[in-house]
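Accompanying notes for the structure given below.
Residue numbers (mature numbering (1 follows the signal peptide of the UniProt record, and there is no 0)): -28 to -1, 1 to 219.
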């Protein structure tokens, strides 16, 4: 066989092995026997401004006696809850997210550096609160008021969307278009034609949370509302599509 024809034959065999592998599993059920197929994965992304924030706050109080620490904590958290309701946060958007009473010890050493029995110094009461803020224009003022009233420990502020359906639909459409474009590029390069869709499988849908802060909050009063930058949420979709190859 001439050298040129031999190379053409080898190239054709490699292309067949790379792109025209018969489908397996779920894909093979819809494909005809010995039908050549190509499977590609597409990804799509859609960004949208958040319309809701989920805020984690906590009141931490210490006292020599557990009951005193609890009373201090209850007073501060009660004031926080009342204020949040006054500024328009609905009852359904307030949820206790953690409560604990923990003894506080010191671990002294004697003059020779030997460890001594722990000494009970008091008790610490922590009461956590998760707040859903549906009006982001109130978020800065909410944080300001909460700190003034006794919130002294902060967690994550995650920006999300109450109804992300439109963004998810856009991401899915882009994922399908991306897969179709990849399939056409590959088949055009191989010199064959793209056929019918045999199967479509959706992969993961992801909307990464957008953390704003995770830190202890100062108890000092603030003259202005806490500045907040909301940014955008990106929703991601992926699909796997199997096409027939026209012979």
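From the three backbone atoms N, C-alpha and C, an ideal C-beta is built for every residue, glycine too.
Check                                                                                                                                                                        : Outcome
Within the continuous beta strand (DSSP E) that includes residue 165, where are the two ends?                                                                                : 165 to 178
Over what stretch of residues does the alpha helix (DSSP H) that includes residue 144 continue unbroken?                                                                     : 137 to 162
Checking 8 angstroms against the spacing of the C-beta atoms, do residue 54 and residue 108 come in under that value?                                                        : no
What do you reckon, are the CB atoms on residue 112 and residue 51 nearer than 8 angstroms?                                                                                  : no
Give me the DSSP bridge partner(s) of residue 215.                                                                                                                           : 10 and 169
Of all the CB atoms in chain B, is at least one closer than 8 angstroms to the CB of residue 157?                                                                            : In the displayed structure, chain B is absent; only one protein chain is listed.
How long is the line joining the alpha carbons of residue 77 and residue 95, rounded to whole angstroms?                                                                     : 9 angstroms
Considering Cα atoms alone, identify which of 165, 197, 161 and 152 is closest to residue 213.                                                                               : 152
Evaluate residue 81 with the Cβ neighbour count: other Cβ atoms within 10 Å of its Cβ, from every protein chain shown; 16 or more gives buried, anything less gives exposed. : exposed
Which value, in whole angstroms, describes the spacing of the CA atoms of residue 136 and residue 47?                                                                        : 38 angstroms
Applying the 10 Å Cβ sphere with the 16-neighbour rule, what's the burial state of residue 117?                                                                              : buried
Tell me residue 100's beta-bridge partners as DSSP assigns them.                                                                                                             : 30 and 70
Just curious, the alpha helix (DSSP H) that residue 119 is in, first and last residue?                                                                                       : 111 to 121
Throw me the rounded Cβ distance for the residue 146 and residue 17 pair, which I believe falls under 8 angstroms.                                                           : 7 angstroms
Count the C-beta pairs between the stretch 154 to 168 and the stretch 34 to 42 that are closer than 8 angstroms, then say yes if the count reaches three, no if not.         : no
Please classify residue 155 as buried or exposed, where buried requires at least 16 other C-beta atoms within 10 Å of its C-beta.                                            : buried
Mapping DSSP to helix, strand and coil, what is residue 107?                                                                                                                 : coil
With DSSP collapsed to three states, give me the class of residue 128.                                                                                                       : strand
So what's residue 62 in DSSP terms, helix, strand or just coil?                                                                                                              : coil
Tell me the rounded alpha-carbon separation between residue -12 and residue 216.                                                                                             : Note on residue -12: pLDDT 36, under 50, position unreliable in the model; the coordinate value appears next. Those two C-alpha atoms are separated by around 15 angstroms.
Give the DSSP-derived three-state secondary structure of residue -24 in the structure shown.                                                                                 : Confidence at residue -24 is low in this model, with a pLDDT of 44, below 50, so the placement of that residue should be treated as unreliable; the coordinate-derived value is given next. DSSP places residue -24 in helix when its eight states are reduced to three.
Roughly how many whole angstroms lie between the Cα atoms of residue 208 and residue 70?                                                                                     : 32 angstroms
Quick check on residue 205: does DSSP put it in helix, strand or coil?                                                                                                       : strand
Can you give the Cα-Cα distance for residue 161 and residue 139, rounded to whole angstroms?                                                                                 : 33 angstroms
For residue 21, name the three-state secondary structure that DSSP assigns.                                                                                                  : coil
Using the DSSP secondary-structure output, state which residues sit across from residue 16 in a beta bridge.                                                                 : 209
For residue 85, count the other beta carbons within 10 Å of its own beta carbon; 16 or more makes it buried, fewer makes it exposed. Which is it?                            : exposed
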